[in-house]
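Q: Mind looking over this structure? Questions follow.
Numbering (this note's numbering), first residue to last: 6 to 255.
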């Protein structure tokens, strides 16, 4: 049940990269749309996206190689074999966003507002990229006999790519709900980071090709736990600081 390529207008296009491109543009479109709520120039959002895309892809590959170093130690040339399923999507996306925010911050942009505008777009990217990975057979799950298991690479497996897509959809729904509430600037983005990292802890448990650390833990799980903790601490400190500042002004 794999579609490594899609025939479009007489051309055979690789499914993984095609969906990654679609995820990028759809996510930035939503971010630019959200940016108007924060009085941000849509062009600025697209400029940010270009910087974040390059930084995100490079860092996503770097995080994945670091987490699966045993698999690359014997053949280091495979480090440069880029594929949608060989990217650490959540850490890569977060790193790309941080690099992009630093870049636009030098232009005097209200980066907390930009980060909040980007959060729903990042969740949408995760949905589309997950579907693309499922269709192309990348980042497959471990063997399983659950009723919804799919046949992939000769075995019935957890559709872990769809788990990731559903996770992104759930996060997107939560962020969309939070649009109705008054939150401190930057808090929506931190909530996204926390939810995405916690969700990654769940998804990684069903992957078929993770690197195991001592104690049976997976590198991506340890990394996600750290990201979730940092995001939660930052959210608490950030919101507490905003409340204190508001109280002092009154």
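All C-beta atoms, glycine included, are put in the ideal place defined by N, C-alpha and C.
Give me the DSSP bridge partner(s) of residue 11.
A: Under the DSSP definition of a beta bridge, residue 11 partners with 18.
Q: Going straight from the alpha carbon of residue 194 to that of residue 8, what length do you get?
A: 34 angstroms
Q: Do residue 162 and residue 149 have their CB atoms nearer than 7 angstroms?
A: yes
Q: For residue 16, which residues from the same chain have a beta carbon less than 7 angstroms from its beta carbon, with the 5 sequence-adjacent residues on both sides left out?
A: None.
Q: Since residue 205 is in the alpha helix (DSSP H), which residue starts that stretch and which ends it?
A: 192-209
Q: In chain order, what residues of the same chain lie with their CB nearer than 7 angstroms to the CB of residue 191, ignoring the 5 residues before and after it?
A: Answer for residue 191: 117, 120, 121 and 243, listed in chain order.
Q: Can you tell me where the alpha helix (DSSP H) with residue 5 in it begins and where it stops?
A: Beyond the ends of the chain as shown, which are 6 and 255, falls residue 5; an answer cannot be given.
Q: Quick one: grab the DSSP three-state call for residue 164.
A: coil
Q: Measuring straight from C-alpha to C-alpha, what distance separates residue 126 and residue 34?
A: 8 angstroms
Q: Using 10 angstroms around the beta-carbon of residue 13, count the other beta-carbons present and answer buried if the total reaches 16, otherwise exposed.
A: exposed
Q: Using alpha carbons as the reference points, say which of 170, 212 and 113 lies closest to residue 147.
A: Closest option to residue 147, Cα to Cα, is 212.
Q: Less than 8 angstroms between the CB atoms is what I'm expecting for residue 28 and residue 134, so what's the real figure, rounded?
A: 5 angstroms
Q: List the whole-angstrom C-beta distance separating residue 137 from residue 21, where the pair is believed to meet the contact cut-off of C-beta under 8 angstroms.
A: 6 angstroms
Q: Which stretch, first to last residue, makes up the beta strand (DSSP E) that contains residue 155?
A: 155-157
Q: For residue 50, which residues of its own chain have a beta-carbon under 8 angstroms away from its beta-carbon, when the five flanking residues on both sides are left out?
A: The answer, listed in chain order, is 33, 36, 37, 40, 119, 122 and 123.
Q: Residue range of the alpha helix (DSSP H) that residue 121 falls in?
A: 116-141
Q: From the DSSP output, in three-state form, read off residue 67 for me.
A: helix
Q: Which whole-angstrom value describes the C-beta separation of residue 207 and residue 237, a residue pair presumed to lie in contact below a C-beta threshold of 8 angstroms?
A: Rounded, the Cβ-Cβ distance is 17 angstroms, inconsistent with contact.
Q: If you draw a straight line from the alpha carbon of residue 18 to that of residue 139, how long is it in whole angstroms?
A: 16 angstroms
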